[in-house]
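Chemist: Counting from 1, position 407 in the sequence shown corresponds to residue 421 in our numbering; the numbering is continuous, with no gaps. Questions regarding the structure given below will be posed in turn.
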Amino acid sequence: MTHDPDLDDCAFLSGGESSGGRQTRNGVAVCSQKRALLVAGIVLGSLLLTALIIAFAGPQSDCSCARKLPTGLETNEENVTQPFNPIATNGEPFPWLNITLPTNVRPMRYMVTIHPNLTTLDVKGQVTIDLWIEKETNFIVLHIQDLNVTEKAIVTSGNKGYAIKIIKVLEYPPRQQFYIEVKEKLKKKSNYTLNLRWYSKLNPEPEGFYVDQYESPNGIESRLLAATVFRPNGARRAFPCFDEPHIRAPFRISVFRDRFHIGLSNSIVHTTEDVGFYMGTGLLRDDFIETPPLPADAVAWVVSDFQRESLQPSPAYLPTTPAPATGAGGKKSSQFDNYTQMKQKKPPVRNITALTHSLNINLMIRNLTTTTTTTTSPLADAGAKNLTAMSQSTVSAIKRAPSYTFYAPRDLLPRSSFILHTSREVLEYMQTWLEVSYPLTKVDFVALPSLDRNIISSLGLVTLKTSFLTEPQSITTAQYQQSALLVAEAMVRQFFGGITSRKVLKDIWLWEGLIKYLGIHILSPLQENWPLKEMYLLNMATAALDIDAIQGWDSIMNGTSHDGNNEEFFIQKTAGIFSMLHTAIGEDRFRGCLGAFLKLNRFKTAEPLDLWNICTKRATSVKNIKDMMSLWTHQLGFPLLTVTRLANHITISQKPFQPAEFLAIHDETYDGNHYSKVTVNGTTSGQVSSTAAPTAQTKHLQPMKWIFPITYVTDLNNITETLWLYNINVTFNVAENVKWIKINAHQSGYYRVLYNENNWANIIEDLSNDPNKFSSQDRLGLLSDAFTLCHANLLPCEITMNMIQYLPSETKWGPMTLALRHLEKWRRILKYSECFLMLSEFIKMKLSTIIDKIGWNDEGVEATRLMRPEVLLASVLWEDIDSVTKSKNLLNQFLFYNGSAISPNLREVVYTGSILSGEYIYWQHCWDRFVTLQRNSESYVERMQLLRALGRTKDAWLQNRLLSHVTMLPTTEVVQVLQAIAGTPTGGAMACRFLQAKWFELESRLGQGTLAFAKVISAITQYGATKFDYDELKSLVHRFGRGDGMEILNMTLSSVAANVEWVARSQMSLYKWVESNLHSHR
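Laid out in structure tokens, this is it:
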């Protein structure tokens, strides 16, 4: 027998010997060629028949979408041109092809029973779902993930209900879908009940139903708790459900626990039943009152042994008493009536076990409560005052407000005052402002150690990361105000998200942007001394405008993701658009529209068009609100307004903002704002080349326009005037003796403004003589326009430099911080340019004048305490010798001479200045401090400050030492280190070499083509300002390959190209301006 396999095959098929003299096989079947062909034909025919049977024998339903892919749906498979044939876990074809669930079945009510075992970490559960059949069908599809279903049943409705035979159960894990097929059809317009039992394990990560642990107050033992953390579409990890955002239904939650734990959920406990013993432990079951209709991922529950601290509503409201929730239609169901009648002998309580468990520390809690009352949050007094004013100005029928309870380990209870008082003042103010009552009788807060976000807000139950609960004296002023803002946003989310939620995940941008904007708007009257309007402009509106100006982001509707995971830019831009809507229709109509939106869609889902329609109907004197919002959300970019003046005639024209034509970069794929891209198998990747110069054509093939209100003030009239821009331009008259006009009064609009040189000169003159002629928001806006237009090469840099000369007279945090952050960007970009040294001297001179006024002591009003660290840090980064020496002396006094502790507001200044002094001992101290804090989850902000300071050293050996530890740090910390190192004169090249050397290690850890990997690359390269930097980044883009992160890298490439162009055009002008002005200001 030959050893040639090919010859063996030929001999088998032909039945003869091979040409190589193969001997006849003994005992091996042979056949003729005709017979072999016949057998092959029969086999192929059988396979074809089987395929046809599979294709047409699937579940038959009246649902028109069965086995069809939705329009525009992209599957997860690499090759989308091939037929999609999902295979279930048992190897059978999975019949349902859609990524979304069928619409022929709708849940009317869930009854979920959960039994977590905190010893074995096992979970047993049961869910009963009342179903409504819209169209006749013989199958049901719902969601399930990592749950093992042990029992299932479908029962008809009525007293004589019977079980329907289930003939097929399939699971398709890639889409977390669970398919149930029954023998007889489920009748149209009928009710059925689906019962499922399952078991699972508690997740060790904060996802789904997970287990967490914390140290007991004595620090000897670790204690466990179980809690839910649901991201969008995340409820399927905890229980079988119809886990899509548009599907809302009431929930009755029951939680088993032992006698030493408490159970919490969205609603209050109705009864607590003794259910016997399990594994030697007495068990109780908490039955919670039925919730209003909620999407599945808005449900939450917690089992822990935490203690509590409570706060009742303000005296203006009646005491809260638990009331049963109503069903989806606003009426109590008969089933719920039976439920309450069955339990009516046991009156509703707040939480029986919590009360019992707290008896042994009753005295302690009373003392805590007394202390809390005397040391109330700063929000309390302001909130009471403003709430009273609101109540007097608004006729409101709202008589009740919820109570507030904070659950945490005993040692964290003293930190509850800030959370409780802030949430109470914000929620009560908001329900009065909207004239929409809060639907529940309580809001619970639970501290979770391992939570991966600071706050997660579900209706009635808010979870917070333990490290978020810091003492006010241990954090910076900015941190404290940001914490209050996060609590305010959590309370806004109770309404926009709790009462009304988005219909599809893609629309999450509307809710998130509105929540961001309303958080600041609601908190502002409660904290009138905080610069919250400036915070909004600095961190949201101008931040989005700066990104949008250079990086060329897509429109909100096209750029946001279908899974709801969006870049922060889209949230910031949405907040800016809401600010413009607010201005367009006025305060009363704005809150009236939001209130009407909540009332009309109470416990329902909605979409952006629903809100735009309400605004259009209510704003009767203002036209085109719907068209206005549609243009702003569907068009990319934003308008640049050009203001010209002829005598007393003012003309304002709009065009899409676009930087000046790029001349320094020759790249055929670059059009002056962004790069063309190619699509490979459905994934966007950069296509960059350097074979030809970029064309001057605009990215907009047709003229674009936006509809919006224009607000303005003049030097003669500081009362805001408003006019509407419907077309490309608008003309109006002003008094002939008006010196200047300021467009976008109070910065309520999302656009940039370019004036003629005479108007700029007059503005700068008055700004230098009396900055208070402009509001702090207007000063911030003028500075923002000047810097951004300058960087886009649309405004001479001399005008920007003339404007910042007034900064020593600035007393507000917002305008000062915006200018210093732009100057820091200049410092990074210009560090190798000819003008850098002279510019550095000029900036240090200006900062020195400001420091003489504000000093180094952490004292003064809120604006000064916020502004001081920004000014001092800028002075240190520009390497002012006096500031560096002062920083070193403060740290030296603290370390070696028992000096006073460094104020949290000045920590980063002192750390950075000490390291820039060049003495190794201070770098080592900061490193040791960082290593110590790595074990403490409550010190995140200080860890980031230390990492930035460590990376700013000018010592190449120390930078290299720090880089050797980078790959072991979390991604956010890696970005901080690399940004700091790349911003130093010697660190840019070193960081790039590090990236090249560690490419495969970073790619392996962060993932090929991921956003995380792209952000690491961007951190190193984003401030490049030479043609070499551009070409090097372009090579990294090619090497990066395809993936979600490619968009980030293309935008970074746009930023670097803009940097190169700006430096090429502006550095000589800057040099001449500084040379002529530096000595005159000494």
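Here a beta-carbon is modelled for each residue, glycine too, at the ideal position from N, C-alpha and C.
Quick check: the Cα distance between E956 and Y531, rounded to an integer number of angstroms?
Modeler: Here residue 956 refers to the residue found at position 942 when the sequence shown is read from its first residue. Here residue 531 refers to the residue found at position 517 when the sequence shown is read from its first residue. Rounded to whole angstroms, E956 to Y531 spans 28 Å at the Cα level.
Chemist: Please name the residue or residues paired with T514 in a DSSP beta bridge.
Modeler: Locating residue 514 in the sequence shown gives position 500, counting from the first residue. Paired residue(s): F510, K618.
Chemist: Any idea which residues DSSP pairs M125 with across the strands?
Modeler: The count along the sequence shown starts at 1 and reaches residue 125 at position 111. In DSSP, M125 forms a bridge with T142, R266.
Chemist: May I ask you to list the residues that DSSP assigns as paired with G290?
Modeler: Locating residue 290 in the sequence shown gives position 276, counting from the first residue. Looking at the DSSP assignment, G290 forms a beta bridge with L297.
Chemist: How many Å lie between S230 and L239 at the Cα?
Modeler: Sequence index remark: in the sequence shown, residue 230 carries index 216 (1-based). Sequence index remark: in the sequence shown, residue 239 carries index 225 (1-based). Roughly 12 Å between the two C-alpha positions.
Chemist: Please classify S914 as buried or exposed, where buried requires at least 16 other C-beta atoms within 10 Å of its C-beta.
Modeler: The residue you call residue 914 lines up with position 900 of the sequence shown. Exposed is the call here.
Chemist: Can you tell me which of the three DSSP states G965 falls into?
Modeler: Position 951 of the sequence shown, counted from the start, is the residue given in the question as residue 965. Three-state DSSP puts G965 in a helix.
Chemist: With 16 as the cutoff for other CB atoms within 10 Å, does R49 come out buried or exposed?
Modeler: In the sequence shown, residue 49 corresponds to position 35, counting from 1. Exposed.
Chemist: Consult DSSP for C804 and reduce its assignment to one of helix, strand or coil.
Modeler: Stepping through the sequence shown from its first residue, residue 804 is reached at position 790. C804: helix per DSSP, three-state reduction.
Chemist: Determine the direct distance from the alpha carbon of L904 to that of N950, and round the result to whole angstroms.
Modeler: Sequence index remark: in the sequence shown, residue 950 carries index 936 (1-based). Sequence index remark: in the sequence shown, residue 904 carries index 890 (1-based). Rounded to the nearest angstrom, the two C-alpha atoms are 25 Å apart.
Chemist: By a C-beta neighbour count over all protein chains shown, 10 Å radius and 16 as the cutoff for buried, is A833 buried or exposed?
Modeler: What you label residue 833 is simply residue 819 of the sequence shown in a count that begins at 1. A833 should be labelled buried.
Chemist: Inspect the beta-carbon positions of M554 and Q586 and report whether they are closer than 8 Å.
Modeler: Your numbering for residue 554 matches position 540 in the sequence shown. Your numbering for residue 586 matches position 572 in the sequence shown. Yes, the pair counts as a contact, with Cβ atoms nearer than the cut-off.
Chemist: From this set, T619, M549, S823, which residue's C-alpha is nearest A1142's C-alpha?
Modeler: Residue 1142 is absent from the model: the chain starts at 15 and stops at 1096.
Chemist: I need the DSSP call for N376, collapsed to helix, strand or coil.
Modeler: As a first step, residue 376 must be located in the sequence shown, where it is residue number 362. A caution first: N376 carries a pLDDT of 32, below 50, which makes its placement in the model unreliable, though a value can still be read off. Here N376 sits in helix by DSSP.
Chemist: In the DSSP assignment, what residue or residues form a beta bridge with P130?
Modeler: As a first step, residue 130 is located in the sequence shown; it is residue number 116 there, counting from the start. Answer is V137, bridged to P130.
Chemist: Report, in whole angstroms, the separation of the C-beta atoms of A492 and L920, which I expect to be a contact under 8 Å.
Modeler: In the sequence shown, residue 492 corresponds to position 478, counting from 1. In the sequence shown, residue 920 corresponds to position 906, counting from 1. The Cβ separation is near 12 Å, so there is no contact.
Chemist: For the stretch 885-896 against the stretch 848-866, do three or more pairs of beta-carbon atoms, one drawn from each stretch, fall closer than 8 Å, so that the two count as touching?
Modeler: yes
Chemist: Would DSSP call T734 helix, strand or coil?
Modeler: Residue numbering aside, residue 734 sits at position 720 when the sequence shown is read from its first letter. Reduced to three states, the DSSP call for T734 is coil.
Chemist: Decide if the stretch 589-608 is in contact with the stretch 631-639; the criterion is three or more beta carbon pairs, one per stretch, under 8 Å apart.
Modeler: yes
Chemist: Going straight from the alpha carbon of Y954 to that of L465, what length do you get?
Modeler: Here residue 954 refers to the residue found at position 940 when the sequence shown is read from its first residue. Here residue 465 refers to the residue found at position 451 when the sequence shown is read from its first residue. Distance between the alpha carbons of Y954 and L465 is about 14 Å.
Chemist: Let's see if you can read the secondary structure: which residues bound the beta strand (DSSP E) around L768?
Modeler: As a first step, residue 768 must be located in the sequence shown, where it is residue number 754. Here the beta strand (DSSP E) through L768 covers 766-768.
Chemist: Do P264 and P306 have their C-beta atoms closer together than 8 Å?
Modeler: Within the sequence shown, the letter at position 250 stands for residue 264. Within the sequence shown, the letter at position 292 stands for residue 306. Yes.
Chemist: State the Cα-Cα distance for the pair T734 and S917, rounded to the nearest angstrom.
Modeler: Taking the sequence shown and counting its residues from 1, one reaches residue 734 at position 720. Taking the sequence shown and counting its residues from 1, one reaches residue 917 at position 903. Whole-angstrom Cα-Cα distance: 41 Å.
Chemist: Are three or more beta carbon pairs between the stretch 563-573 and the stretch 1061-1077 nearer than 8 Å?
Modeler: yes
Chemist: Checking contacts by CB at 8 Å: is L145 closer than that to chain C?
Modeler: As a matter of chain content, chain C is missing from the structure shown, which is built from one protein chain.
Chemist: Less than 8 Å between the C-beta atoms of L797 and M815, yes or no?
Modeler: Residue numbering aside, residue 797 sits at position 783 when the sequence shown is read from its first letter. Residue numbering aside, residue 815 sits at position 801 when the sequence shown is read from its first letter. No, Cβ-Cβ distance for L797 and M815 is not below 8 Å.
Chemist: At what residues does the alpha helix (DSSP H) containing I778 begin and finish?
Modeler: What you label residue 778 is simply residue 764 of the sequence shown in a count that begins at 1. Taken as a continuous stretch (DSSP letters only), the alpha helix (DSSP H) holding I778 covers 771-783.
Chemist: Grab me the residues of G1038's own chain with a C-beta within less than 7 Å of its C-beta, minus the 5 sequence neighbours each way, in chain order.
Modeler: Position 1024 of the sequence shown, counted from the first residue, corresponds to residue 1038. If we look at G1038 and ignore the five residues flanking it on each side, its Cβ neighbours are Y1044, L1047, V1070, N1073.
Chemist: Compare the beta carbon distance of T1 and N638 with 8 Å and say whether it is the shorter of the two.
Modeler: Because the chain spans 15 through 1096 in this model, residue 1 falls outside it and cannot be assessed.
Chemist: Just tell me which of L677, L660, L595 has its CA closest to the CA of K640.
Modeler: Position 626 of the sequence shown, counted from the first residue, corresponds to residue 640. For the residues L677, L660, L595, the minimum Cα distance to K640 belongs to L595.
Chemist: Looking at the structure shown, is N209 part of a helix, part of a strand, or coil, going by DSSP?
Modeler: Position 195 of the sequence shown, counting from 1, holds the residue named residue 209. In this structure, N209 counts as strand in the three-state DSSP scheme.
Chemist: Do you know offhand how far T12's Cα is from T556's?
Modeler: Residue 12 is absent from the structure shown; the chain starts at 15 and stops at 1096.
Chemist: Taking the alpha carbon of G1059 as the point to measure from, which residue in K1041, Q1022, S1068 has its own alpha carbon closest?
Modeler: As a first step, residue 1059 must be located in the sequence shown, where it is residue number 1045. Considering only alpha carbons, the answer is Q1022.
Chemist: My output table needs one value for V692: the three-state DSSP class, helix, strand or coil.
Modeler: The sequence position of residue 692 within the sequence shown is 678, counting from 1. Note that V692 scores 35 on pLDDT, short of 50, meaning its location in the model is unreliable; the coordinates nonetheless yield the value given after this. Residue state, collapsed to three classes: strand.
Chemist: Beta-carbon separation of T899 and I929 under 8 Å?
Modeler: Here residue 899 refers to the residue found at position 885 when the sequence shown is read from its first residue. Here residue 929 refers to the residue found at position 915 when the sequence shown is read from its first residue. Cβ distance not < 8 Å, so T899 and I929 don't count as in contact.
Chemist: Under 6 Å Cβ to Cβ from K845, same chain only, skipping five residues before and after it: list those, please.
Modeler: Position 831 of the sequence shown, counting from 1, holds the residue named residue 845. Excluding positions up to five away in sequence, the list reads P999.
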